[in-house]
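What follows is a single structure, written as structure tokens, with notes after it.
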Ligand code: ADP
Ligand code: GN1
Ligand code: MG
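Residue numbers (the working numbering): 30 to 397.
Laid out in structure tokens, this is it:
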């Protein structure tokens, strides 16, 4: 069924396999608007695509962004081909418009793009079984290795200082000071929690500046639902959501995965008694990630893996609370105060990890 008929003309701007027979919406991402387009291909076969509008409030240079994605996916396809893999399943494919471009700009200046749909695979919203998380770790580790020799200076920085936690802290202080929404009075304990963590914000950036840890080409948004996991083998087969692929630290990718996946509950769980850090999941991810990446990482990077999980969780929580104070202008919401609930789960996870940091270091020591 075509649930969103108004989207059909935009799907038809791309070289699709046949008439559009269905349009659905995917609501799990916080940034772009994402539709699934089903077409009737040759012999009646159904062929699906992902159609997205790029959020240009956030990604202000969509042309450079698409250039990054096209170049990175072409590069990955060469590697996949050399290894005898499936180029249409192990990375995204940009579908061209009927004019031969990789995006379509409509009369409201919205940027549309289309990818192949990765079939027979699932984007999980939580770690239903530890093996899924371990396999996601392997896939993100492999993704980073595959891009190891990618000429980083040719990549556009799609969001400047994306994981510069010191800058994120300053942005947060500004949100508190401006209090545009008038909500600060109702979230003082949360604000205090984040402000009290000022001292650790520079743990990664200062070491990048000093050269102790290198800049690499990283994904920068490694939540579990940004990877497609094969329905039969449970293997992480395709890393998606490539908007933020740019120079960064391996610690950003590791830490952000732990933030989302090593939690007992959803990112916006309102009952905090259900939210806690799960060390067994931290172990599963660490084992998977280091099995792929340990040769590439230096000792300082390995030392900082537990800290990176705390820092990426703190940073994301600060961004959620900052957005709540700014009047919800950044992350997609499905209900009121969702950003506040998201900020609270991140606080709980940060506190848990701080209490268990020695255990986390012991886990890293087992696999490094
Ligand atoms: P956002 O930046 O809003 O998170 P994503 O690119 O991650 O946007 O897309 C949102 C969701 O759509 C993903 O979490 C995944 O569930 C689904 N999705 C995106 N691309 C594909 C694809 N090529 N094949 C199958 N599902 C996809
Ligand atoms: C956003 O796009 P999505 O939903 O995969 C955000 C990430 C946050 C995440 C929190 C470009 O990721 O940085 O960690 O929400 N992406 C951007 O769930 O800001
Ligand atoms: Mg996403």
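Heads up, the beta-carbon is just placed ideally off N, CA and C, and yes, glycines get one too.
- Cβ-Cβ separation between residue 282 and residue 162: approximately 14 Å, too far for a contact (criterion under 8 Å).
- In this structure, 81 is the residue among 81, 187, 367, 87 with its C-alpha nearest to the C-alpha of residue 133.
- Exclusion of the five residues before and after residue 254 leaves 57, 152, 153, 154 as the residues of its chain whose Cβ lies within less than 7 Å of its Cβ.
- Boundaries of the alpha helix (DSSP H) around residue 341: 334 to 354.
- When secondary structure is reduced to three states using DSSP, residue 164 falls in the helix class.
- For residue 91, the closest of 167, 138, 356 by C-alpha to C-alpha distance is 138.
- The shortest C-alpha to C-alpha distance from residue 54 to any of 48, 77, 43, 318 is the one to 77.
- Not one heavy atom of the ligand GN1 is found less than 6 Å from the C-beta of residue 98.
- Within the model, the alpha-carbon separation for residue 383 versus residue 233 is close to 16 Å.
- Distance from the CA atom of residue 49 to the CA atom of residue 147, rounded to whole angstroms, is 18 Å.
- Proximity to residue 79 across 364, 142, 197 peaks at 142, based on C-alpha coordinates.
- In the three-state DSSP reduction, residue 31 falls in the strand class (E or B).
- Rounded to whole angstroms, residue 235 and residue 250 show a C-alpha spacing of 21 Å.
- Screening all residues for a C-beta within a distance smaller than 5 Å of any heavy atom in the ligand MG leaves 58, 255, 270, in chain order.
- DSSP, reduced to helix, strand and coil, places residue 54 within a strand of the structure shown.
- Placement of the Cβ of residue 250 at a distance of less than 6 Å from at least one heavy atom of the ligand GN1 is found.
- Not a single heavy atom of the ligand GN1 lies less than 6 Å from the C-beta of residue 42.
- With a cutoff of 6 Å, residue 267 does not count as near the ligand GN1, since its C-beta is closer than that to no heavy atom of the ligand.
- Residue 185 holds the alpha-carbon nearest to the alpha-carbon of residue 89 among 373, 185, 303, 353.
- Beyond the five residues adjoining it in sequence on each side, residue 294 comes within less than 7 Å, by CB distance, of 303, 304, 374 in the same chain, given in chain order.
- In the three-state reduction of the DSSP assignment, residue 292 falls in the strand class.
- Residue 151 has 258 as its beta-bridge partners, per DSSP.
- Comparing alpha-carbon positions, the option among 220, 64, 126 lying closest to residue 351 turns out to be 220.
- Look at residue 73 here: in three-state DSSP terms it is helix.
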